[in-house]
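Engineer:
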Amino acid sequence: PEETTDLSVEGMTCASCVGRIERALRAVPGVREASVNLATGRAVVRHVGGLDPATLETAVDLVGYAARRAA
Ligand code: 9UX
81 PEETTDLSVE GMTCASCVGR IERALRAVPG VREASVNLAT GRAVVRHVGG
131 LDPATLETAV DLVGYAARRA A
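Here's what the structure looks like:
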């Protein structure tokens, strides 16, 4: 089954940041959809079950933003 992981993302200041992060998340194997909200600093990621959330955090970190799993 699919699961959803919420991330908090630090360092976003413009719409280009949003696109960059969504693209990075969608490139992670198993990710079905990623939606980033600039105003709230959150990302919602829908993905296959069992995906390690650290993989998502790392993908965001690699493009220059600080992501942490959020409740
Ligand atoms: Mo958004 Mo531009 O952080 O470097 S301001 S992509």
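According to UniProt numbering, the sequence shown holds residues 81 to 151 in order.
In this text, a Cβ means the ideal position worked out from N, Cα and C, and glycines have one as well.
(1) Classify Thr-138 as helix, strand or coil using the three-state DSSP reduction.
(2) Kindly provide the chain-ordered list of residues whose Cβ lies closer than 5 Å to any non-hydrogen atom of the ligand 9UX.
(3) Under the three-state reduction of DSSP, which class applies to Val-98: helix, strand or coil?
(4) Buried or exposed, going by whether 16 or more other CB atoms sit within 10 Å of the CB of Ala-95?
(5) Can you tell me the Cβ-Cβ gap for Val-125 and Thr-84, rounded? I've got them flagged as a contact below 8 Å.
Structural biologist: The short version:
(1) helix
(2) Thr-93, Cys-94, Ser-96 and Cys-97
(3) Three-state result, Val-98: helix.
(4) exposed
(5) 7 Å
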